[in-house]
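First residue of the sequence shown? That's 100 in our numbering, and the numbers climb one at a time after it.
Built from N, CA and C at the ideal position, the CB exists for glycine as well.
Below you'll find the structure, written out as C-alpha cells, and then a few comments.
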Amino acid sequence: MKKSKKKSSISTKEKQRSLIELLKNHGAKIYEELDNGEFPKFSIPSRSVSNIVYDQKLRQYILGNNSAIRSAKNSSQLRSFTQLVWLAFFANRLTQEKKSSTLRDVYYSSQAFEIDFEDQGESDNIIVDLEAVLARPREDFHVFPEERSSIFGDLDIEYTVPGYEGKKMNLSNHPDGYAIGPSLTSA
C-alpha cells in the first residue's frame, strides 16, 4: 500500500512540475518571438463542433487537430492575447505558490493587475482558452468552478498532498459533504 501512496504523491508533484515547465516554455516562446522582432502568437485548438472527436482509448470526446492562431499582430486579437498571457502568469503563480482560486476570484484578481475583462464570462472564456493551449484542465492550474462546490458519497479517498499523505477518509462522513479543492482533486 505504501508504494501506491508514494507513486500518487510523486505523480502529483510531477504533474505540477510539468505544468510549470509547460507555462515557462510558452513564456520563453513569446520572449523569443519578441526578441526576433516577430509578433508573439498562440496556437489554440479549435473548440468548434467540427473539431470534436471521440477517443476510443480515453472513452471520451476530445478536441481534434484543427487550431486557430491568436496573435499580437492582429489588433482585434491583441486584447484576448494579453488576457491569455496574464492568465498564464496567474496560473503559474497559483501553481508555484500552491494556492487555488475560483473562476470568480480570477476575474476579480485581474482587476488588481489592471487586466480588463468585460465581465466574468469573458474571463471564463480565456480560462477555457488556456485549458486548450495547455491541454490541461483548469483544476491542474488550481482554478476551480465554485468555492462552495462539494462532494458527498460512499467513497474512500487517500490524500497525497504534503502534510496529509496517506490520510484516508470516507466522503460520506460529513452530512454537508467535503469542499472540492486541490487536495481533494489529487487524492
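Item                                                                                                                  : Value
For leucine 162, the nearest candidate out of Ser208, Arg146, Ser174 (CA to CA)                                       : Arg146
Identity of the residues DSSP links to glutamine 182 by a beta bridge                                                 : Answer by DSSP bridge pairing: none, since glutamine 182 is not bridged.
Within 8 angstroms, strictly: CB atoms of phenylalanine 141 and leucine 177                                           : no
Methionine 100 versus glycine 252: straight-line alpha-carbon distance, rounded                                       : Confidence is the limiting factor: at methionine 100 the pLDDT is only 43, short of 50, which leaves the residue's position unreliable, though a coordinate-based value still follows. C-alpha separation (whole angstroms): 23 angstroms.
Exposed unless 16 or more other CB atoms sit within 10 angstroms - verdict on histidine 125                           : buried
Cβ neighbours of glutamate 245 in the same chain (closer than 7 angstroms, five flanking residues each side left out) : Thr201
DSSP state of lysine 197 mapped onto helix, strand, coil                                                              : coil
Cβ pair lysine 243, leucine 118 closer than 8 angstroms                                                               : Note that residue 243 corresponds to phenylalanine in the displayed sequence, not to lysine. Contact flag unset, no.
Candidates Lys156, Glu230, Phe138, His273, of which the one nearest lysine 172 by Cα                                  : Phe138
Extent of the continuous beta strand (DSSP E) run through tyrosine 160                                                : 159-162
Between the CA atoms of aspartate 255 and aspartate 274 - distance to the nearest angstrom                            : Here residue 274 is proline; the residue named in the question, aspartate, does not match the sequence. Rounded to the nearest angstrom, the two C-alpha atoms are 15 angstroms apart.
At least 3 beta-carbon pairs within less than 8 angstroms: the segment 150-159 vs the segment 206-225                 : no
Within 8 angstroms, strictly: CB atoms of leucine 121 and leucine 193                                                 : no
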